[in-house]
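The structure under discussion appears below in the form of structure tokens.
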Amino acid sequence: MQWEVVIGLEIHAQLATKSKIFSGSSTAFGAEPNTQANVVDLGMPGVLPVMNKEALNMAVKFGTAIGAEIGKRSVFDRKNYFYPDLPKGYQTTQLEHPIVGLGEVEIELEDGSTKKIGVTRAHLEEDAGKSLHEDFSGATGIDLNRAGTPLIEIVSEPDMRSPEEAVAYMRKIHSIVTYIGVCDGNMQEGSFRCDANVSMRPKGQEEFGTRAELKNINSFRFVERAINVEIERQIDILESGGTVVQETRLYDSNKNETRSMRSKEDAMDYRYFPDPDLLPIVITDEDIEAIRATLPELPDAKKIRFMDEFKLNAEDARILTSSLELADFFEAVAKQTGDAKLASSWVSGELAGRLNKEGLNIKASPINANQYAGLLTRIQDNTISGKIAKEVLDAMWTEGGDADSIIESKGLKQISDTGALEAMVDKVIADNPNQVEQFKAGKEKLMGFFVGQIMKETQGKANPGQINALLKKKLSE
Amino acid sequence: MHTKTIAQLAASLKAGEFSSVELTQHYINRIKNFDQGLNSYITVVEERAIEQATEADKIIATGNAQPLTGIPFAQKDIFCTDGVKTTCGSKMLDNFISPYDATVIESFNNAGAVMLGKTNMDEFAMGSSNETSFYGTVKNPWNTEYVPGGSSGGAAASVAARLAPASTGTDTGGSIRQPAALCNLTGLKPSYGRVSRFGMIAFASSLDQAGTFTQTAEDAALMLNVMAGLDEKDSTSIDEPVPDYSANLNQDVKGLKVGLPKEYFADGLDAEVAKRIDGAIEEYKKLGAEFVEISLPNTHLSVPAYYIVAPAECSSNLSRFDGVRFGHRCDDPKDLEDLYKRSRGEGFGSEVKRRILVGAYALSSGYYDAYYLKAQKIRRLIANDFTEAFKEVDVIMSPTTPTPAFKIGEKNDDPISMYYSDIYTIAVNLAGLPGISVPCGFVNNMPVGLQVIAPYFAESKLLNVAHQYQQVTDWHQRMPEAYK
């Protein structure tokens, strides 16, 4: 049987506010345990929450970025359950009246086509703390630094039909939240993570199959892998005549498998009800428009502009706009060099390749846009060849410094002096009479041999264009 | 000294008749002498009180005294007090020293007031008789075989016996007005949102409101002046201007339109209590007030709706008492579930458990619409009843309670009958209105209270109406023989 997978994602994006959603504590990552938890975060008797306006604005900003309806009157609810890292015994979240309603984003598929993915809603909520099971000799430690960190949970429609679509969607949301500055997108630190709802159905069937929810996946690669192994698991069950159980499963990236956490029968009754400590949030159209006006150019618009302004093809434009930093880097280099094509191939090729290889974000690039443009300028003015430029780039990458100083100190400057080059050409012709004869007899491929000889002699520094021209001229004499 | 009101004490302090230290020591001595028989305090902070009084005397000496500088108060043990045990009447918090001050406590500190100690109360403010406290039953100073009312029973008894000139309380369904009525005090519950709830241990967040127990309405005004106002730490506190509540006390009540809700004078009201209320109405008529009968047609729904909303909120509010970070933790928990079950099982008393169970049930999936949602709709109907009524009248008057104080133990096996002792006060909380109970006579030597209800944020009116009555009656000046 032909199976079709149906995927929906719930993405948790940590909002980039300085303080927590309901208290003044800092949200900075990595502090000593419990040093960023005040009486409110600790859930002390008598404390009350006060909403951080900045978190609200960021959630609205996200909503406007995906063209969603904004909840004019949104309500915080309490989700009640006991867990040691949940200090109040309930999580403050939004159930029935979320801040962001229906919206959509467009993803691009590998064949170049696009697909719209619906966003059902996005709501504001607080993160829990962390339980630490190591280093306490059998006991559990609790760190409440993260408790109360603002999140938006972005819930998609079950619109994705392959793990690749799921990844493309997740990347798209990632690029939007980082473009508009509401989330730092740092997946290692858990600032951006997702749960995936996966179900299978016979291709052509309209009704959804029973779904499993895969919890807490914190990288693009793992989303793809987790969904793939879950697809296999569900197909195995279905094809051997079994039924998929509705349950929550944990993806284990070390073993590359999903494991049952709890079934629907164990599902808790969270006894949701409106939080009486927080008033409903009322937002006016003017508020929404004021926030919409602060939106920067979004990934889709930037891509179209890059295609238009810099004459890039769709694929290059997509890659270069996948993150704001990369796009800014490219744009700066393109403008400084005046050659978008050169900038595009060097940014999306050489630079992105090196960053990927070392697993670096462009923010951590050892070379800034200005330095990079400086390197490309030397290709443009024939100071160095493309090949030498890669060597210079290597040096800039590892040792730092500008292209010019490296070219100078390593003596990599291209030889463009016509007299010197002419002498070299004369020498290579004189040294290789056999090849000259063969060339003149029509074996034109030998041109490469002559150029190679000169490059070898000059360690690649001879201007290839000039040599070619000189050789052609001399050999036809 | 202890027969004086706050206003009189302030004048004496200012005139140098005695110092705040002397005054404070006097009350501390009275507590030592009398409180064993009443059990109105859970914690007395003698040293701290004397320190505060010493500071206050320095301020008074400079001539910069505020109205409450140097006045001793008793604080209900529901208000978190930095460095002081704050129990909420529960074993759960028997070991809890608060690391911070409630906004109410901060307000009194800033006003230069002195805190004598923390008063006994029904556990987590759940009760109408002060019999559910982990620290034992509080006795009514008018007759120690009787309950003082609750949940602010200790707060009421302490002032009734003049073991403090005045005290704070909280009122979720009548917990200030009912004990005030039963102990012959002036008990003010301001509008919801008038006084910050920050640091006040939550029972039912949408109903809880801090208020005062005083000898007079004039004193209540002095205290409210200090307590009222927007608090940025409480999102439900309201940004409404705070008038000088003392300013309008002396306005006459000629032409005041008073509504008497017929539902509050129906079956269940003790005939003798009814007579005392009639007596009060006659006094007001002499002062020129006009009375009309009104209807609050959804009154019969208020107790059932309250006993859904309040337990539902409490079931969630009390989840934080889990034995993990503070409060009671069971010995040798074998796992997390055992820790939760035993810590909570041992830490909470039976009335608290009853309400948590009721509340959790009302919120559970499949029942939410039938109970919680319906109760919230009823709540709106009840509020609308009052809104309609206030189109016709300036204030509403009624008995505060259907009967005078009942005997200790009398209603222990009958929670429903206990719940109905708040029948006249609960609707006011559901609507979020301000209410006050004023002494208006005695039945068999036990006090009776008149309740006055005003529109939102009309505390000035409420205090004015109560004060005018106290200018022509002396019920509020009477105090129990044994504590004179």
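So the sequence lines, in the order shown, correspond to chains A and B. Reminder that position 428 of the first sequence reads as 428 in our numbering, one-by-one numbering, no gaps. In our numbering, each residue carries its 1-based index in the second sequence increased by 1000. Heads up, the beta-carbon is just placed ideally off N, CA and C, and yes, glycines get one too.
Excluding the 5 residues flanking residue i on each side, which residues of the same chain have their C-beta closer than 7 Å to its C-beta?
i	result
Lys116 (chain A)	Glu104, Glu106
Arg292 (chain A)	Thr64
Ala1056 (chain B)	Ser1020, Thr1069, Gly1070, Gly1112, Val1114
Express the C-alpha separation of residue j and residue i in angstroms, rounding to a whole number.
i	j	result
Val1104 (chain B)	Gly1199 (chain B)	8 Å
Leu1430 (chain B)	Pro1311 (chain B)	13 Å
Gly242 (chain A)	Asp236 (chain A)	8 Å
Ile7 (chain A)	Ala196 (chain A)	7 Å
Cys1183 (chain B)	Ala1156 (chain B)	6 Å
Ala301 (chain A)	Arg233 (chain A)	40 Å
Glu399 (chain A)	Asn463 (chain A)	26 Å
Asp1239 (chain B)	Val229 (chain A)	56 Å
Lys473 (chain A)	Gly442 (chain A)	15 Å
Phe220 (chain A)	Lys357 (chain A)	16 Å
Glu391 (chain A)	Asn468 (chain A)	22 Å
Ala147 (chain A)	Leu279 (chain A)	21 Å
Ala1053 (chain B)	Tyr1483 (chain B)	24 Å
Lys413 (chain A)	Asp328 (chain A)	29 Å
Tyr1367 (chain B)	Ala1247 (chain B)	49 Å
Using the beta-carbon count (16 or more within 10 Å), is residue i buried or exposed?
i	result
Met1227 (chain B)	buried
Gln1036 (chain B)	exposed
Pro1148 (chain B)	buried
Leu1185 (chain B)	buried
Arg1197 (chain B)	buried
Phe136 (chain A)	exposed
Arg1194 (chain B)	buried
Glu126 (chain A)	buried
Leu109 (chain A)	exposed
Asn1412 (chain B)	exposed
Ile380 (chain A)	Per the sequence shown, the amino acid found at residue 380 (chain A) is Gln instead of Ile. So Gln380 (chain A) ends up on the exposed side.
Leu1357 (chain B)	exposed
Glu1123 (chain B)	buried
Arg1380 (chain B)	exposed
Phe208 (chain A)	exposed
Pro1261 (chain B)	buried
Report yes or no: is there a C-beta of chain B within less than 9 Å of the C-beta of residue i?
i	result
Leu351 (chain A)	no
Tyr251 (chain A)	no
Asn80 (chain A)	yes
Asp277 (chain A)	yes
Lys335 (chain A)	no
Lys372 (chain A)	Note that residue 372 (chain A) is Tyr in the sequence shown, not Lys. No - not a single Cβ of chain B is within 9 Å of the one on Tyr372 (chain A).
Met261 (chain A)	no
Gly43 (chain A)	yes
Tyr169 (chain A)	no
Lys88 (chain A)	yes
By the criterion of Cβ-Cβ separation under 7 Å, what are the contact partners of residue i in chain D?
i	result
Gly1199 (chain B)	In the structure shown, chain D cannot be found, because the protein chains are A and B.
Residues in the same chain with beta-carbon distance under 8 Å from residue i, minus the five sequence neighbours each way, listed in chain order, please.
i	result
Gly1288 (chain B)	Asp1252, Val1253, Lys1254, Gly1255, Leu1256
Say whether chain A places a C-beta atom closer than 9 Å to the C-beta of residue i.
i	result
Cys1088 (chain B)	yes
Asp1331 (chain B)	no
Gly1173 (chain B)	no
Glu1232 (chain B)	yes
Tyr1419 (chain B)	no
Phe1432 (chain B)	Note on residue identity: the sequence assigns Gly, not Phe, to residue 1432 (chain B). No, Gly1432 (chain B) lies away from the interface with chain A (no Cβ there is under 9 Å from its Cβ).
Would you say residue i touches the ligand COA, meaning its beta carbon is less than 8 Å from a heavy atom?
i	result
Lys1353 (chain B)	Because no ligand of any kind appears in the structure shown, any question about the ligand COA cannot be addressed here.
I'd like the list of long-range same chain contacts for residue i, defined as Cβ closer than 6 Å, with 5 residues on each side in sequence excluded.
i	result
Ile319 (chain A)	Ser348
Gly1347 (chain B)	Lys1091, Met1092, His1328
- On the three-pair Cβ rule with 8 Å, is the segment 1109-1120 of chain B touching the segment 1026-1044 of chain B? yes
- Message: Can you confirm whether the segment 1126-1146 of chain B touches the segment 1329-1338 of chain B when touching is taken to mean that 3 or more C-beta pairs between the two stretches lie within less than 8 Å?
- Response: no
- Message: Assess contact between the segment 1339-1353 of chain B and the segment 1263-1278 of chain B, defined as three or more Cβ pairs (one per stretch) separated by less than 8 Å. Is contact present?
- Response: no
- Are the segment 1458-1472 of chain B and the segment 1198-1213 of chain B touching, with three or more C-beta to C-beta distances below 8 Å? no
- Message: With three or more C-beta pairs closer than 8 Å as the rule, is the segment 1066-1075 of chain B touching the segment 1166-1182 of chain B?
- Response: yes
- Meets three-Cβ-pair contact criterion under 8 Å: the segment 72-83 of chain A and the segment 137-155 of chain A: no
- Examine the Cβ distances between the segment 27-38 of chain A and the segment 250-270 of chain A and report whether three or more of them are shorter than 8 Å. no
- If we count Cβ pairs, one from each stretch, closer than 8 Å, do we get three or more for the segment 34-50 of chain A versus the segment 163-174 of chain A? no
- Do the segment 1454-1461 of chain B and the segment 1399-1410 of chain B make contact, defined as three or more Cβ pairs closer than 8 Å? no
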